Amino acid sequence: MHLLYIRIFLLMHMSPTPEELLEEARRLHQSADYKKGLKTAEKALKRFQKQMRLDRAIEALRVMGDCAINAHDLKKAAKLYESLMDEGVKISNLWYQSAAHWGLGQVLLRTLQYEPAANHFMAGLDIARKISDKWYTAWNAFGLANALRGMGRLEDARSLLQEALESFRAQNQNTFADWVEKALADIGADVPSPGELRVWLCPLCGSKFTADQVTSLKSGTTATCEYCGTATG
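Right, here's the structure in full:
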């Protein structure tokens, strides 16, 4: 019995803290191990909830949403971002509301629903501008630009791409700034196919899909961006 108590004590004191679990989930997300990152962030969420640390639980929820969207689990991502929105409203946190709008916009953009996606990105961008947050200003502006490009509204998209580029550069986010620069370079060639209004774009980096990929998307098959690896459809 004494040995059992020792084992329980060691397990309790050797298990990672919720903050450590959350940090590990972020690391897994950054290394593209999204499914494992989702599970790890969920563990952190439950630990934070048990400790009644709701301000940290909502951050774990955000990381879960980002892992789910990048794992292309759109149904789960939508539920997580809706929960994130609800929690952000409950605690009157505009940053999380902006994050939730970006996430919900991405869910819609990844099934090429440009108009409703644009509505979420615009709402998220308005909030991010209001609180002077460069991160979600950049991502919501980029998302909105891609949605507008998809609808053929190229001039509106161009000014938003410039805003996203400036915000990414201000944060030294060079990879994402490169994505925006590529989108700006490509936008002049955005001519919809005859009889079609939309331009078929990667929802994350804005790269145009190839003709074969467009055919796959039209048939309901998922296509993967050759530039950033994002799955769409």
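Just so you know, we're using our numbering here: the sequence shown kicks off at -17 and counts up by one.
Beta carbons: idealized from backbone N, C-alpha and C, even for Gly.
Please read these numbers as outputs of a predicted model, since none were measured by experiment.
V196, DSSP secondary structure in three states: In this structure, V196 counts as helix in the three-state DSSP scheme.
Where A26 sits in the DSSP three-state scheme: Correct three-state label for A26: helix.
Per-residue burial, I109 [other beta carbons within 10 Å of its own, 16 or more giving buried]: With 16 or more neighbouring CB atoms inside 10 Å of its own CB, I109 falls in the buried class.
Closest by C-alpha distance to W117, when choosing among P98, A159, D138 and V89: Nearest in C-alpha terms to W117, of all of P98, A159, D138 and V89, is A159.
CA-to-CA distance, G106 to L143, given in whole angstroms: Distance between the alpha carbons of L143 and G106: 15 Å.
T119, DSSP secondary structure in three states: Of the three classes helix, strand and coil, the one that applies to T119 here is helix, per DSSP.
Assigned exposure category for T203 - 16 Cβ within 10 Å defines buried: Burial call: exposed.
First and last residue of the uninterrupted alpha helix (DSSP H) at Q79: Judged by DSSP secondary structure, Q79 falls within the alpha helix (DSSP H) whose first and last residues are L76 to L91.
Cutoff 8 Å; reference G215; Cβ partners in own chain excluding five residues on either side: Cβ neighbours of G215 within its own chain (closer than 8 Å, five residues either side excluded): R92, T93, L94, S198, L199, G202, T203, T204 and A205.
Buried/exposed call for G211, threshold 16 Cβ in 10 Å: Exposed: under 16 other Cβ atoms inside 10 Å.
Own chain residues within Cβ distance below 6 Å of L76, not counting five before or after: Taken in chain order, the residues that qualify are I109 and I113.
Residues near L10 in its chain [Cβ-Cβ closer than 7 Å; skip 5 each side]: Residues K18, G19 and T22 of the same chain have their beta carbon placed closer than 7 Å to that of L10, with the five preceding and five following residues left out of the count.
Residues bridged to A213 [DSSP beta-bridge criterion]: According to DSSP, residue pairing for A213 in a beta bridge involves T206.
Simplified DSSP state of L186, which is helix, strand or coil: Three-state result, L186: coil.
Contact set for L62: own chain, Cβ-Cβ below 8 Å, skip 5 residues either direction: Same-chain partners within the cutoff: L43, M46, G47, A50 and G85.
Inter-residue CB distance, A120 and F150 (contact presumed, cutoff 8 Å): The Cβ separation is near 5 Å, so the contact holds.
Cβ-based neighbour list, N156, same chain, cut-off 7 Å, excluding 5 preceding and 5 following: Excluding positions up to five away in sequence, the list is empty.
A129 to M104 span [Cα, whole Å]: If you take the alpha carbons of A129 and M104, they lie about 10 Å apart.
Within 7 Å, strictly: CB atoms of L183 and G132: Cβ atoms of L183 and G132: closer than 7 Å.
Exposure label - K190; buried when at least 16 CB within 10 Å: Its Cβ being crowded by 16 or more others within 10 Å, K190 is buried.
Three-state secondary structure assigned by DSSP to Q155: Under the three-state reduction of DSSP output, Q155 falls in the coil class, being neither helix nor strand.
Three-state secondary structure assigned by DSSP to V181: Reduced to three states, the DSSP call for V181 is coil.
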